[in-house]
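Below is one structure, written out as structure tokens; comments come after it.
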Amino acid sequence: MSAILQHVVDAVALGSLYALTALGIGLIFGVMRLINFAHGDFIMVGAFSLVVPTSAATSTLLIGAWPAPLLIGGVCFVVIALALATERLAFRPVRRADPAVLLITSFAVSFFLQHGVIAIHGGRPKSANIWPHLMDPVIVAGVRLPQLQLITIAVTLILLIALVLFLKRTAIGVAMRAASEDFLTARLLGIRANYVIAAAFAISGLLAAVVSLLYVAQTSVLSFHMGVPLVLFAFVATVVGGMGSLVGAVLGGFVVGIGSVFFQVVLPEAWRSNRDVWVYALVLLILLFRPSGLVKSKSFEEKV
Amino acid sequence: MHKLTRMVAATAVAALVSTAGPQTSAQAEDVIIGFAIAQSGWMDAYDGPPLIGAMMAIEDYNAEGGILGNNIGFVVSDTKTDTVQGAKAGTEVVAKGANFMVVSCDYDMGAPAATVAHSNNMVAISFCASDAKMGVQGIGPYAFTMNTPGQVEGAIAAKYSWDRGWRKAYALLDASIEYNKSVCHGFLEYWKKLGGEVVGVDTFMQEDPSIASQITRYKQAAAEKGEPEVMALCSYVPGAVSAIRQVRGAGIDAAIVSGDAMDGHYWAEGVPGLSDHYAVTFGSIYGDDPRPEVNEFFARYREAHGEPDTSFPLNGYSVIQALKVAAERAGSLDNDAVLAELNKFDKEPLLWGGTTFVPDMHIDMFHPMTVIQIQDGKGSFAANIGLEDPPALQLIFEEFTADLYD
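Sequences listed follow chains A and B, in order.
Following our numbering, the numbering of the first sequence begins with 1 at its first residue and continues without gaps.
Following our numbering, the numbering of the second sequence begins with 1 at its first residue and continues without gaps.
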């Protein structure tokens, strides 16, 4: 019984991380039909902002040494600024282009950021030790659970609620929803495209920064490649959830995260190294029965 | 202060060995070493330190007359951590008149250049690829690597664990690359031969953001079959660091053993106060190696290039040393003559240790390795272990399957 509770928390915590990443991608896709593969690199840059930029193999904390509120604020600032800068410099000039051009642009931004980090920090992965006490377990119902997992789940819930309130209760949030439903009509009604899109990038930057912090607190890892697997899983999550739907992105994140832990637990030893094959098989199965994802988004269906 | 000197040193080395295009220090009568290695991209961090070791060897030998009276020159061409560019880099150093080639510290990254060398009947030595395919079986008879197979590292980790009196082991395998599988395979095979108990075997992937379910499974196994005393963690940085942080965070105190991928302690900042971590590698960088020549080498390294991160510069030095010894024994720079002498190496005392090559095995199966330990976040020498009975050849080329150990 205690093992089952443990597995459930493991699964939901991993699902939360994917859900937050998927939400960052889903938000941008909603407002400008851009699948932003550089989102993973926002997460990566957030992680690297914790340490002093040098090519030495050992790392020295920079923002990572600040007290928690400043640390969180600092990383959020860096990643939001980066997200806004990429929007302004890379994506805005090609906004009207074909979605394929947008996609390629996002790959270019991704490679640029990764190689920029290699140039500054070197190609060798580094470690950063932030908030080690979060690894200490707490006892819940007789089960030892890592605090960090519970915090990850709590932070995800809080951010989801905050985002829902933002989208429903604020003018800019309503504008963003309108833009994501029908961008042209929204503009005709006087919604400023630049403003809405920049706001979406800022929020996706904030989400990326939070994932950076949770990820580094869990793994201590800083690597130029660290964002890539996260963004791949998150992209799959947005597809499973239903492209264009934020609820779908979150749901998809949980499906992929929970599926991943589920197969890790139930597969026999010899098959476990091929776990992801099973996760993707599950994804294919879902898409077979619901080709537009778990949550259908009206604005993305082909109109005949 | 150390960081600053390291940065200055790194810049100096960069200035020395990297300006646009392949550079050369070669003159007409020289013997030329062609380095087709990474000077940019992620592999640079792994090829850089052995290159410094190789440069130190070239300097040393030139001061005492070079090879067979020829001054040793070099050309470097950047593979840019890319396999296509790797083949081009190989072709380029051949075109620049290299007599021998040195390739990247990795089978996949080094193989394209080594293949070019081989098709030119030129000896190519990898700095430190630990895959036996970097040799006769994967490239051809002209290819060598200055390392042991991962299986031997794993077996030595098992021997060390057994000698420490540990009897219950757990293996946690990062199944993302073959090297990791080799280390775990060697460990488990040798552990069984010694009579040790395997409490469990589990896998994870290098880029998994969480190994929480692996930890849950470990705890279940420990509750059922008894707490493991040692965990073979077959992985590399950074996935291994993430795993160690999560394992120690979950209150698992078993000793952790691993291969040369976990050499040094530069990565240990992610796991504050880490203790009982043991890595099987080439030598101690901490000045406490029982071999005075190793300590003397790292003292010189430290002076000129800053704190070493790993002991891999030893291998870079040894590559040049091997070429010099073989060429002088052959009395010729002819590649076939040098190859014949390399094939006769029997516990040849190179800087990284006694080196043995045989005509069909160009990776050292018998190499004694150093176990370094991390206690309270500090690294030090722990043991020197060589195996009289290394894993059988068929094991070296056999594919790992975890269910062998059910």
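Glycine included, C-beta positions come from ideal geometry on N, C-alpha and C.
Suppose the cutoff is 8 Å on Cβ atoms and the five residues either side in sequence are ignored; what does the same chain contact list for B:S40 look like?
Closer than 8 Å at the Cβ level, and outside the excluded window around B:S40, lie D78, K80, T81.
What does B:R245 reach in chain A if we use C-beta pairs closer than 9 Å?
S127, N129, P132, M135, Q218, T219, S220, V221
Within 8 Å of any Cβ in chain A, is that where the Cβ of B:E269 sits?
yes
A:Q218 and B:Q246 - do their beta-carbons sit closer together than 8 Å?
yes
Could you name the residues of chain A that B:Q220 contacts, counting a contact when the two beta carbons are closer than 8 Å?
Ordered by position in chain A, the residues that pass the 8 Å Cβ test against B:Q220 are A3.
On the three-state DSSP scale, how would you describe A:L222?
strand
What is the DSSP secondary structure of B:S126, counted as helix, strand or coil?
strand
Taking contact to mean 3 or more Cβ pairs, one atom from each stretch, closer than 8 Å, check whether the segment 351-359 of chain B and the segment 314-322 of chain B are in contact.
yes
When you compare the CB of B:S130 with every CB in chain A, is at least one pair closer than 8 Å?
no
Are the segment 208-217 of chain B and the segment 239-258 of chain B touching, with three or more C-beta to C-beta distances below 8 Å?
Yes, the segment 208-217 of chain B touches the segment 239-258 of chain B.
List, in order along the chain, the chain A residues whose C-beta lies closer than 9 Å to that of B:G90?
Going along chain A, no residue has its Cβ under 9 Å from B:G90, so there is no contact; the nearest lies around 21 Å.
Would you decide whether B:V294 is buried or exposed? Buried here means 16 or more other CB atoms lie within 10 Å of its CB.
buried
Around the C-beta of B:A132, are 16 or more other C-beta atoms found within 10 angstroms, so that it is buried, or is it exposed?
buried
What whole-angstrom Cβ distance do A:L134 and A:L148 have, given they're in contact under 8 Å?
4 Å
Out of curiosity, what's the CA-to-CA distance linking B:M205 and B:S176?
5 Å
Please confirm whether A:G241 and A:L294 have their CB atoms less than 8 Å apart.
yes
According to the neighbour-count rule (16 or more other Cβ atoms, all chains shown, within 10 Å of its Cβ), is B:V147 buried or exposed?
Per the sequence presented here, residue 147 of chain B reads as Asn, with Val not at that position. By the neighbour-count criterion, in which a residue is buried when 16 or more other Cβ atoms sit within 10 angstroms of its Cβ, B:N147 is buried.
Let me check understanding here. Comparing Cα to Cα, which of B:E153, B:T145, B:I385 lies closest to B:M109?
B:T145
Confirm, please, whether the CB-CB distance from B:M262 to B:V230 is below 8 Å.
no
Starting from B:N384, follow its DSSP beta bridges and name the residues at the other end.
B:T370
Out of A:V51, A:I172, A:D10, point me to the one whose CA is closest to A:F254's CA.
For the set A:V51, A:I172, A:D10, the Cα lying nearest the Cα of A:F254 is the one of A:D10.
Mind pulling the chain B residues with CB within less than 9 Å of A:A13?
Under the 9 Å cutoff, chain B gives S210, A212.
Give me the DSSP bridge partner(s) of B:Y190.
Here B:Y190 is not bridged, per DSSP, to any residue.
At which residues does the alpha helix (DSSP H) containing B:D60 begin and terminate?
44-63 is the span of the alpha helix (DSSP H), which, as asked, contains B:D60.
Counting only C-beta atoms, is A:E181 closer than 8 Å to chain B at any point?
no
Which residues, in chain order, does the segment 101-125 of chain A contribute to contact with chain B at a C-beta distance below 9 Å?
H115, I118, A119, G122, G123, R124, P125
Under 7 Å Cβ to Cβ from B:V325, same chain only, skipping five residues before and after it: list those, please.
E348
How far does the beta strand (DSSP E) with B:F35 in it extend, from its first residue to its last?
Where B:F35 is concerned, the enclosing beta strand (DSSP E) stretches over 31-37.
Excluding the five sequence neighbours on either side, which residues of its own chain have a C-beta within less than 6 Å of the C-beta of B:N114, listed in chain order?
Note on identity: in this sequence residue 114 of chain B is Ala, with Asn being the wrong assignment. Correct list, in chain order: V103, A124, I139, A143.
Residues in the same chain with beta-carbon distance under 6 Å from B:E388, minus the five sequence neighbours each way, listed in chain order, please.
none
In chain order, what residues of the same chain lie with their CB nearer than 6 Å to the CB of B:I211, ignoring the 5 residues before and after it?
F204, A243, Q246
Between which two residues does the beta strand (DSSP E) containing B:I72 stretch?
Segment 72-78, the beta strand (DSSP E) holding B:I72.
What do you reckon, are the CB atoms on B:M101 and B:A36 nearer than 8 Å?
yes
Per the DSSP calculation, A:V164 is bridged to which residue(s)?
DSSP output for A:V164 lists no bridge partner at all.
Select from B:E92, B:K96, B:A87, B:S258 the residue whose C-alpha is nearest the C-alpha of B:Y170.
B:S258
Hey, could you find the ends of the beta strand (DSSP E) A:I258 is sitting in?
That residue, A:I258, is in no beta strand (DSSP E); its alpha helix (DSSP H) goes 246-266.
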